[in-house]
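Accompanying notes for the structure given below.
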Amino acid sequence: MTVVSNDDDTGRDQPVAEEGPATPPPDTVKGTLDSARRYRDQVLSVIPGLLIHRGDHILHCNEGLARLLGYEAPDDILVLPSVLDLVPEDAVYAERQAYARCLSGVIRHDVRRIKRFRANHDLQWFDQLLEPVDWGGQPAVMEMLAQVRPHTGFIELPHQWQRLQAAIDAMPNGVLMLDSEGRMEGLNSEMLRLWDYPPGLFPPGTPMDVMLHYNHERGDYGDGTPSEKIAMMRAQLTRKGAHNAERRVPSGRVLDIRTAPRADGGMVVTHMDITDRKRIEDELREAKEHAETLLRELQDTQQQLIVQEKMASLGQLTAGIAHELKNPLNFVNNFADLSGELLDELLELLGPMDARLSADARAEADDLIDSLKGNLLKIANHGRRADSIVKSMLAHSRGGGGEWQETDVNALVDEALALAYHAVRAQDRDFNTAFVRRYDPAIGTLKIVPQDISRVLVNLFTNAFYALRKRQTLDSTGGYSPTLTIATIDRNDRIEIRVRDNGIGMPQTVIEKVFAPFFTTKPTGEGTGLGLSLSYDIVVHQHRGRFDVSSVENDHAEFTITLPRAATAMALGERRKT
Amino acid sequence: MTLGILVVDDEPDVAELFKQRFRAELRNGQVAFHFATSAEQALESLASGLTPETFLVLSDINMPGMSGLDLLQRLRAQSPDVPVIMVTAYGDIENRRRALDIGATDLVTKPVDFVELKKMVNSIIAQTQAA
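Written as structure tokens, this is what we have:
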């Protein structure tokens with residue numbers, strides 16, 4: 011696309027208005043009619059192009075405009091879907107602004123230098139006047155376009171200079187030339203358009219300071235004091251050597267401004283429109299940020315999946331081991347029981363041994379029998395312990411057969427709390443703790459397996475009580491008051507249950523392993539290390555929720571269960587079978 | 016009269032366990048045990064005739080080869096009068112339901128609680144004798 015400069019060939023696109031004295035007087039009627047038509051063309055060539063529009067709709071267009079833009083007839087313009095079809099992309103913003111102002115009744119008295127597409131899609135510079143008019147009882151924009159004519163200040167210039175002006179007008183960048191005294195020597199149409207300067211505002215010889223003051227009064231430099239700002243701009247513009255700056259100008263465009271010194275001490279300032287490049291850069295940056303966010307989310311999800319998979323396969327392994335151990339353990343327990351019974355029967359059968367044994371031997375026999383009974387008791391006790399571990403392990407792969415049902419979450423939480431508190435008080439009557447309950451009534455009901463979630467909650471509360479008791483026994487200051495905070499929060503598509511205790515807390519190394527099967531911080535025999543592992547299974551695998559933990563050692567521990575409102579009903583262990 | 020009980024389980028030590036658990040009943044001749052370590056073997060023994068006559072069958076479900084449920088199905092067809100008690104794994108709801116559907120007289124859960132089992136056996140004896 012080329013910008014057509016037309017200051018030196020104003021008649022190029024017009025019919026020849028005057029054919030000189032060579033045209034002989036007409037000697038036929040047709041000849042006189044041709045002459046009248048030629049005169050009409052001559053008149054049309056000096057009448058401005060006229061376009062009336064409202065919104066984007068073209069309401070009227072005169073023959074002068076059709077001629078200026080190289081169309082056959084006004085009808086060819088009237089069929090255009092929008093008045094903005096005549097406007098090049100980089101000027102749309104500025105034209106919309108100007109039209110809107112005009113439509114609101116603001117009359118602007120100076121001329122705008124603008125460019126328009128011609129019928130053949132070339133670009134041409136015009137001078138434009140806008141005026142609000144009444145069209146069919148409603149306001150409309152009357153747009154008048156005229157050929158660009160040389161400023162009166164330039165008319166006296168030699169022909170060479172006029173050709174130079176034509177050349178810089180054809181350039182796609184804004185150009186400003188300053189002489190060695192800092193006076194404006196020339197500028198082009200793009201410069202006028204970009205800065206929204208009316209043509210003729212700065213005739214040649216205008217001092218640069220006047221231009222800078224004009225900009226300041228117009229508000230281009232914000233609220234700074236004029237002297238300061240202008241001195242700075244002046245310093246920038248007159249600095250020797252290339253200088254770059256980036257600015258947003260009144261036409262809504264972003265410019266890359268470069269100054270280059272001339273050999274004679276003058277200066278050439280070019281203004282390159284980089285709006286599109288900036289927009290693309292912005293879009294690219296946004297796209298990049300978006301992609302990075304997605305990647306982060308993906309990595310988080312992946313991490314979570316890895317943890318889930320690990321937990322699932324550990325759970326599977328656990329259940330498998332438990333299943334295999336169950337039968338042999340059953341025999342151990344049964345035969346241990348039986349051996350005790352048989353021993354009793356044997357002793358009864360033998361009757362008093364006093365008569366048959368010496369006193370020493372009898373004492374030794376009694377001692378042996380006591381040890382034997384003690385051993386059998388130990389086998390039975392440890393067998394039962396192993397049995398309870400096996401049962402917990404099996405619970406990983408088999409649900410308690412609980413049904414999915416709409417459940418009042420707050421009631422369930424409170425019930426589990428009471429249950430766990432009774433259990434801990436049964437063990438230790440001296441234990442006491444403060445409760446802070448923050449139940450969100452907006453939660454209402456949720457479709458879950460209440461037995462399983464209750465199991466999770468009781469387990470969490472029991473752990474919390476353990477941590478509170480532990481800190482209480484370790485506390486020497488006496489200023490410690492155990493507190494358990496339970497909060498339920500409605501988050502629209504999901505709910506949260508938070509259990510926070512100010513007990514002994516956990517170091518990072520413990521937090522990392524807290525959901526792993528068989529991991530326990532309790533002394534041997536007190537915990538199976540399966541409570542949280544099973545809870546994780548119930549919350550994450552069965553209920554498709556999240557289980558989060560945070561803690562600061564000797565300060566607090568907080569467990570957060572997040573359950574989705576729309577979970578697909580699934581039995582514990584069902585996922586593994588598939 | 017001595018009642019014959021056929022215990023079907025792939026674990027051979029089950030025989031020793033039952034003999035010791037029911038040692039009093041065995042000693043006074045109330046019951047006599049027959050053991051089979053597979054469902055196939057159980058069907059063979061029943062076909063060849065056992066003395067004393069089998070009055071009750073107690074069978075595990077998970078066994079290599081023919082399962083306890085298959086055995087139950089065959090027994091229901093062959094000798095519908097013989098009560099069959101099935102031993103199911105803890106929490107195995109699916110197999111419990113199927114065993115009852117096929118026609119198990121009763122169910123006991125592993126690990127077997129022998130006090131419960133004895134009560135069950137006694138009540139079945141009482142019912143059969145009353146009939």
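Keeping their order, the protein sequence lines are chains V and E. Every number in the working numbering is 10 more than the matching position in the first sequence, counting from 1. Every number in the working numbering is 15 more than the matching position in the second sequence, counting from 1. Virtual Cβ for every residue (Gly too), placed ideally from N, Cα, C.
Could you please give me the residues that DSSP links to residue i through a beta bridge?
| i | result |
| --- | --- |
| E/T124 | E/T103 |
| V/W135 | V/K125 |
| V/A270 | V/V278 |
| V/Q157 | V/F136 |
| V/F569 | V/V509 and V/V559 |
| V/G59 | V/L155 |
| V/P149 | V/D144 |
| V/I458 | V/Q415 |
| V/D9 | The requested residue 9 of chain V does not occur in the structure, where chain V is confined to residues 11 to 588. |
| E/L18 | E/V46 |
Return no unless some Cβ of chain E is closer than 8 Å to the Cβ of residue i.
| i | result |
| --- | --- |
| V/L348 | yes |
| V/F525 | no |
| V/T588 | In this prediction, V/T588 scores a pLDDT of 33, lower than 50, which makes its location untrustworthy; the coordinate-derived value is nonetheless stated afterwards. With 8 Å as the cut-off, V/T588 does not count as an interface residue toward chain E. |
| V/N502 | no |
| V/N340 | yes |
| V/N343 | yes |
| V/N512 | no |
| V/S402 | no |
| V/N337 | yes |
| V/E584 | Caution is warranted here: a pLDDT of 48 is assigned to V/E584, below 50, making its placement in the model unreliable, and no coordinate value can be reported. |
Indicate whether at least one CB of chain V lies closer than 8 Å to the CB of residue i.
| i | result |
| --- | --- |
| E/R112 | no |
| E/Q88 | no |
| E/D151 | Since the displayed chain E opens at 16 and closes at 146, residue 151 of chain E lies outside it and no answer follows. |
| E/S53 | no |
Short of 6 Å in beta carbon distance, which residues of its chain neighbour residue i, apart from the five on each side in sequence? Order them along the chain.
| i | result |
| --- | --- |
| V/V279 | L186 and T269 |
| V/M285 | Note on identity: in this sequence residue 285 of chain V is Thr, with Met being the wrong assignment. Only R263 and V264 meet the Cβ criterion. |
| V/P36 | T42 and S45 |
| V/N469 | G541 and S545 |
| V/M152 | I62, E141 and V143 |
| V/A426 | S464, L467 and V468 |
| V/D558 | T570 |
| V/Y103 | G262 |
| E/R36 | F129 |
| V/R585 | Legend: pLDDT at V/R585 = 45, less than 50; position of this residue unreliable, no value from coordinates given. |
Please list, in chain order, all residues of the same chain as residue i whose beta carbon is under 7 Å from its beta carbon, the five residues on each side excluded.
| i | result |
| --- | --- |
| V/K523 | F529 |
| V/G539 | P527, F528, F529 and T530 |
| V/Y81 | I87 and A129 |
| V/N420 | Y449, I453 and T498 |
| E/I140 | L18 |
| V/V520 | T531 |
| V/P208 | D120, V121 and R122 |
Ordered along the chain, which non-local residues of its own chain (more than five positions away) have a Cβ less than 8 Å from that of residue i?
| i | result |
| --- | --- |
| E/S82 | A54 and I76 |
| E/L9 | Outside the shown range of chain E, which is 16 to 146, sits residue 9 of chain E, and nothing can be said about it. |
| V/P574 | D503, R504, H553, R554 and G555 |
| V/H566 | R510, D511, N512, G513 and G515 |
| V/V423 | Y449, L467, I496, T498 and I507 |
CB of residue i to nearest heavy atom of the ligand MG: below 7 Å?
| i | result |
| --- | --- |
| V/V400 | Annotation note on the ligand MG: not contained in the displayed structure, which lists no ligands. |
Within the stretch 407 to 456 of chain V, ranges of the beta strand (DSSP E) (whole runs, at least 3 residues): 415 to 418 and 444 to 449
Contained beta strand (DSSP E) runs [length at least 3] in the stretch 26 to 88 of chain E, N- to C-terminal order: 46 to 51 and 69 to 75
Taking beta-carbon pairs under 9 Å, can you tell me which members of the stretch 115 to 140 of chain E lie near chain V? K125, P126, V127 and F129
Runs of alpha helix (DSSP H) wholly within the stretch 483 to 563 of chain V (minimum 4 residues, chain order): 518 to 523 and 541 to 546
Chain-ordered residues of the stretch 28 to 50 of chain E with a beta carbon less than 9 Å from chain V: D28, V29, E31, L32, Q35, R36 and R38
Only counting runs of 4 or more residues, tell me where the alpha helix (DSSP H) segments fall wholly within the stretch 180 to 238 of chain V, in order along the chain. 199 to 205 and 218 to 228
Threshold first: 4 residues or longer. Then list the alpha helix (DSSP H) segments lying entirely within the stretch 285 to 367 of chain V, N to C. 285 to 360
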